[in-house]
Amino acid sequence: MEEIQWFLKILKLGGNQTHLNLTLFPLLAPDAGEPGYMILEEALGQGMVEITEISHGGSIPELKLINKSARKVLIVDGEELVGAKQNRIVNATFLFPGNSETTIPVSCVEQGRWAYRSSKFASGEKVMPAFMRFTNQKNVAMNLRKGVGYRPDQHMIWEELAEKSARMSVESSTGAMADLFEGQRDRLGEYLKAFRLVECQLGAVFAINGKVVGLECFGHQKTFEKFLKKLVQSYALDALDWPEDKKETQVKAEDV
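If you want the numbering used here, it's the 1-based position in the sequence shown plus 238.
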């Protein structure tokens, strides 16, 4: 706890960046040097980590992770895994040790498929839309307190994806979260062009329609740099889904 309090004291707020109804405030701190871990996307891309169904028959809420590297691997809650019998997202943030094998708790984000497309998962290079991710975190935390593990509300996730797809006029034969991002690819691209990394940045506060909706922060600048694109798209998908309220376009400094 003392380390977290010290970290919060050294954080500074940078100048805001805005595109349409999405605003980003950079969080700045001195560079902590090289992270002592790989992120999931790197580890999968380099073949250092393999993620598969827990068995040939599979299990919706669980996957098997094998870390073949001596390095630790960071997985962030909401990160998408694509392939195998259906696409999933990870239910919590974990730092897995090197040379290890473990079971990871996941949620389904592709309701209409239960058939192999590949033997292993790849990184979807996306993070679940911000508000859905926040709601999922609350449900997982509640179940942890009950002593039933990192369980989500799976039906809530499917319902939220279906409703968001309908609002955004995105059709998907399998109800895949990935199709939501693909359906808005051009508009999301405009958001990506508008936001840039600044010196000493290791996090950001996000606001939509003048209201703070999330804070994302890592202990290392290099880690945040690798997640910036995913996080901007995550919040931008919500910004596109929430029509701008002309009365509330400015973010209040005290809220940030």
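Glycine residues also receive a C-beta, built at the ideal position from the N, C-alpha and C atoms.
ASN305 and VAL320 look like a contact to me (Cβ under 8 Å); what is the Cβ gap, rounded to whole Å? ASN305 to VAL320, Cβ: 19 Å. No contact.
Whole beta strand (DSSP E) runs in the region 283-355 with 3 or more residues, listed along the chain? As summarised for the region 283-355, the continuous beta strand (DSSP E) elements at least 3 residues long and confined to that stretch are 287-291, 300-305, 310-313, 317-321, 326-328, 332-334 and 338-346, given in chain order.
Please determine whether the Cβ atom of GLY296 lies at a distance below 8 Å from any heavy atom of the ligand MN. Looking at this structure, you won't find the ligand MN or any other ligand, since it has none at all.
Would you be able to state if there are at least three C-beta pairs under 8 Å between the region 299-318 and the region 337-354? Inter-segment contact for the region 337-354 and the region 299-318 is present: three or more beta-carbon pairs are separated by less than 8 Å.
For the beta strand (DSSP E) that contains ALA445, what are its first and last residues? ALA445 -> beta strand (DSSP E) spans 439-446.
For ALA360, which three-state DSSP category applies? ALA360 falls in the strand class under three-state DSSP.
Can you list, in chain order, the stretches of the alpha helix (DSSP H) that have 4 or more residues and sit fully within the region 402-433? Fully enclosed alpha helix (DSSP H) runs of 4 or longer: 415-421 and 423-432.
CB-CB under 7 Å to VAL393, same chain, minus the five flanking residues each way: which ones, in chain order? Residue 393 is actually His in this sequence, not Val. Nothing listed; no residue qualifies.
Report yes if the CB atom of GLU363 is closer than 9 Å to the CB atom of LYS323, and no otherwise. Pairing GLU363 with LYS323 gives a Cβ-Cβ distance that is not under 9 Å.
Check whether ILE289 and MET415 have beta carbons under 9 Å apart: Against a cut-off of 9 Å, the Cβ pair of MET415 and ILE289 comes out as no contact.
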